[in-house]
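One point on numbering: in this note's numbering, the residue at position 104 of the sequence shown is 267, and numbering is uninterrupted.
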Amino acid sequence: MKQIVLASLLMGSLTLPLAAQPAPDAPPPPDTKEERQKNTAAKLAGLLQFVSASCPESKPNYETFKTVVRGLGIEPDALAGGELILRVKAYADVYGKDVPANCAKAVANFGESGTIIPGLVVKP
164 MKQIVLASLL MGSLTLPLAA QPAPDAPPPP DTKEERQKNT AAKLAGLLQF
214 VSASCPESKP NYETFKTVVR GLGIEPDALA GGELILRVKA YADVYGKDVP
264 ANCAKAVANF GESGTIIPGL VVKP
């Protein structure tokens with residue numbers, strides 16, 4: 164049930180930006196449901212990679228991440244290789260262009276009281 168709720172929240176938030184900056188270096192928008200889900204998973208993985216490397220007041224909650232990504236129909240391990248790892252790195256790089264703003268946005272959207280996926284980013 165938790166997976167369904169998290170996936171619903173995530174799918175409903177696809178129209179909201181994940182960070183303060185757009186992702187100009189990211190691939191063009193996907194045109195199938197499966198590609199949109201892969202891209203969303205890559206955005207989240209890039210966000211968590213950024214948070215882990217750049218936001219000392221926060222850390223990723225990988226269990227929540229795995230639940231959300233599996234709810235999208237993507238196995239988390241799929242994000243560690245191939246074309247998807249390139250998307251993950253592209254998003255992490257974009258988020259890294261404005262560290263203070265994007266760390267704050269990550270907490271606002273994905274922190275314990277987040278507006279998009281609460282608990283994806285937690286305090287260390």
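Note that beta-carbon positions come from the ideal geometry of N, C-alpha and C, so glycine has one too.
Quick caveat: nothing in here was measured; it's all calculated off a predicted structure.
Check	Outcome
Once the 5 residues before and after F228 are set aside, which same chain residues still bring their CB inside 8 Å of it?	L207, A208, L211, P239 and L283
Taking only three categories from DSSP, how would you classify P223?	strand
Which of helix, strand or coil does DSSP assign to Q184?	Low confidence applies to Q184: its pLDDT is 49, below 50, so where it sits in the model is not reliable enough to give any reading.
Just the C-alpha distance for K268 and K286, rounded to the nearest angstrom, thanks.	14 Å
Beta-carbon within less than 7 Å of A255's beta-carbon, same chain only, minus the 5 sequence neighbours each way: which residues are those?	G209, Q212 and F213
Give me the residue from A216, K201 and G274 with the minimum Cα distance to G236.	K201
May I ask which residues mark the beginning and end of the alpha helix (DSSP H) holding D194?	First-last for D194: undefined, no H or E at that position.
What are the partner residues of V285, as DSSP defines its beta bridges?	K222
What is the C-beta distance between R233 and A205, in whole angstroms, given that I count them as a contact (C-beta under 8 Å)?	That belief does not hold up - the Cβ atoms of R233 and A205 are roughly 15 Å apart, past 8 Å.
Within the present structure, is the beta-carbon of V270 separated from the nearest heavy atom of the ligand COA by less than 6 Å?	The ligand COA is absent from the structure shown, which contains no ligands of any kind.
Going by C-alpha to C-alpha distance, which of T278, T203 and F273 sits closest to P223?	F273
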